[in-house]
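Numbering (our numbering), first residue to last: -4 to 251.
Where is the CB? At the ideal position from N, CA and C, for every residue including glycine.
Notes for the one structure printed next.
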Ligand code: BTN
């Protein structure tokens, strides 16, 4: 059995000003996202909620996030500064890009981000992010598969343990990600879209690929060319015309 999550251990490795200034560890919760919303008035900006297990962990499009006890990192961060729809799509993407960058610097396995929010290794998903707004606060939820074995994961998912064969202490791993995320949030604040686009160019799994995307209304096909200023995806269709996919209208995206 790998080490339990432990706020004191996490703090040992944290070098942040804001993220993790308040840490709440839950052994079991329905969803750390729900907990954050319910207790918002008692939570600082930068508060970190972590759970050893979730009974109703959720992902985008109402999907379930498998949250086996003691094996993964299931967290929500509370960001209380004024947030807009622009921040919602930019931060969803930033949280994933930052995680891919952090994991890549540590493991060198080829971590990429499948727009808008999946962290993948090839076709397998290892992490996902979910940004939600509640009473003007942004709740950033992140799930990372760390020590799960094959039976503890859904299809087409992987974990760090499955990739390296070694169990990982989640405390320094989590702190290392928060250190990275805070640095990248600050760069996004200072440089805006230019920073996000640069990161996306380095870590996008879809750049220059032919994809099929499903929205509420359409099935769209095209080659991924660019990241738009608001965190959308710009594609070139078969007839040579460009079109944009917005985060809020996307239902599914896959390689053609
Ligand atoms: C996705 O891949 O669609 C997003 C997954 C986000 C999962 C995390 S786990 C912690 C937080 N609590 C939840 O219920 N969901 C997020």
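Spanning the alpha carbons of residue 157 and residue 143 requires a straight line of approximately 7 Å.
Contiguous beta strand (DSSP E) elements confined to the region 55 to 104 occur at 67 to 74, taking only those with 3 or more residues. Taking C-beta atoms as the reference points, residue 200 and residue 103 fail to come closer than 7 Å.
In this structure, residue 125 has its beta carbon less than 6 Å from a heavy atom of ligand 1. Residue 34 sits away from residue 149, with the two beta carbons spaced by 7 Å or more.
Residue burial is scored here from C-beta neighbours: residue 203 has fewer than 16 other C-beta atoms within 10 angstroms and is therefore classed as exposed.
For residue 38, there is no enclosing beta strand (DSSP E), as DSSP marks it with neither H nor E. Taking the Cβ atoms as the reference, residue 240 lies roughly 6 Å from residue 230, within the contact range of under 8 Å. Residues of the same chain with a CB within less than 7 Å of the CB of residue 11, apart from the 5 flanking positions on each side, are 173, 174 and 177 in chain order. Between residue 0 and residue 17, the beta carbon gap of about 15 Å keeps them out of contact (Cβ cut-off 8 Å).
The Cβ atoms of residue 137 and residue 43 lie no closer than 7 Å to each other. Non-local C-beta neighbours of residue 129 in its own chain, meaning closer than 7 Å and more than five positions away in sequence, comprise 32 and 35, ordered along the chain.
Closest option to residue 72, judged by alpha-carbon separation, among 132, 92 and 80: 132. By the neighbour-count definition (other C-beta atoms within 10 Å, threshold 16), residue 155 is a buried residue. Across the structure, residue 86 and residue 135 are spaced so that their CA atoms are roughly 8 Å apart. Counting every other CB atom within 10 Å of its CB across the protein chains shown gives residue 196 a total below 16, marking it as exposed.
Taking the Cα positions, residue 5 is about 9 Å away from residue 168. Spatial neighbours of residue 65 in its own chain (CB-CB distance under 6 Å, excluding positions within 5 residues in sequence) are listed in chain order as 47. As DSSP reads the structure, residue 238 sits in a beta bridge with 230. Between residue 226 and residue 191 the beta-carbon gap is near 7 Å, inside 8 Å, which marks them as a contact.
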